[in-house]
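Single-structure report; data block below.
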Amino acid sequence: MKRILLALLLIMVCAASALAEGPLQVGGFASDWSLPDGYNKIHTMQDWAGKVLLINYNDPDEKDMNEHFTDAVKKEVESGVLKKSSFKGIGIADCKASWKPDGLIRTLGASEATKYDTVILFDYNAFLREAWGLKEDSANAILLDKNRVCRAIVRGRVPDNQVEYLLKLATELQDQ
1449 MKRILLALLL IMVCAASALA EGPLQVGGFA SDWSLPDGYN KIHTMQDWAG
1499 KVLLINYNDP DEKDMNEHFT DAVKKEVESG VLKKSSFKGI GIADCKASWK
1549 PDGLIRTLGA SEATKYDTVI LFDYNAFLRE AWGLKEDSAN AILLDKNRVC
1599 RAIVRGRVPD NQVEYLLKLA TELQDQ
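To convert, note that position 171 of the sequence shown is 1619 in the working numbering; the numbers rise steadily by one, no gaps.
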């Protein structure tokens, strides 16, 4: 019996290791990160522990690609459907993907942070893009549950017909 339990434990550890090394997928655990904001304050996912986390990871040159989606999220937050106590949306700028200087990207990020009343972080070396297998020169939307399990990921533009589904999913996850 002990051998069977040990074998099962070994299989689970190996499977978890394999999941952590490949691109982030629905059902996979999102690896943590440390990234600075515009004031060089370091943030991690732990800053929003216990909350559903929506990460908009964008090439600054493509910041408007998912504006229809982020505007819809903002509307749900302002109406109280997505509750600030259990949901947080953040932006992460993929600085390495852009031709723009980092100072300009930080300035643009500050404008976006104000517009969406959120935090914008800066990935200067594409660490998160590479770790999670995100799309370069594009936008990416990642929805994580309170345990940091990926529940939805869109590499590229969020299709119009998925916006409502993603908002409903975020609402359901925050209530769990």
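C-beta atoms are modelled at their ideal positions from N, C-alpha and C, and glycine is treated no differently. On a predicted model such as this, the values are computed, not experimentally measured, just so you know.
- Out of curiosity, what's the CA-to-CA distance linking Ala1595 and Glu1620? Sequence check: residue 1595 is Asn here, not Ala. Roughly 14 Å between the two C-alpha positions.
- Message: Contact defined as beta carbons within less than 8 Å: I believe Val1500 pairs with Asp1593. What is the distance between those atoms, to the nearest angstrom?
- Response: 6 Å
- Message: Between which two residues does the alpha helix (DSSP H) holding Arg1554 run?
- Response: 1550–1564
- Query: Using DSSP with H/G/I as helix, E/B as strand and the rest coil, what is Tyr1613?
  - Reply: In the structure shown, Tyr1613 falls within a helical segment according to DSSP collapsed to helix, strand and coil.
- Could you tell me which of Val1597, Leu1591, Arg1599 sits nearest to Val1521, measuring between CA atoms? Leu1591
- How would you call Lys1532, buried or exposed, if buried means at least 16 neighbouring beta carbons within 10 angstroms? exposed
- Determine the closest residue to Gly1557 out of Gln1494, Asn1488, Leu1530, Gln1622, with distance taken between C-alpha atoms. Asn1488
- Buried versus exposed call for Pro1508 [16 or more other C-beta atoms within 10 Å across all chains shown]: buried
- Task: Measuring alpha carbon to alpha carbon, tell me which of Tyr1564, Ala1589, Gly1498, Gly1528 ends up nearest Leu1576.
- Result: Measuring from the Cα of Leu1576, the nearest candidate turns out to be Ala1589.
- Task: Assign Glu1510 to buried or exposed, taking buried as 16 or more other Cβ atoms, counted over all protein chains shown, within 10 Å of its Cβ.
- Result: Residue burial annotation: Glu1510 is buried, with at least 16 other C-beta atoms found within 10 angstroms of its C-beta.
- Check whether the segment 1607–1615 touches the segment 1551–1566, taking contact to mean three or more Cβ pairs, one atom from each stretch, closer than 8 Å. no
- Message: Taking 7 Å as the limit between beta carbons, can you name the residues of its chain near Val1567, skipping five residues before and five after?
- Response: Asp1485, His1491, Ile1538, Ala1561
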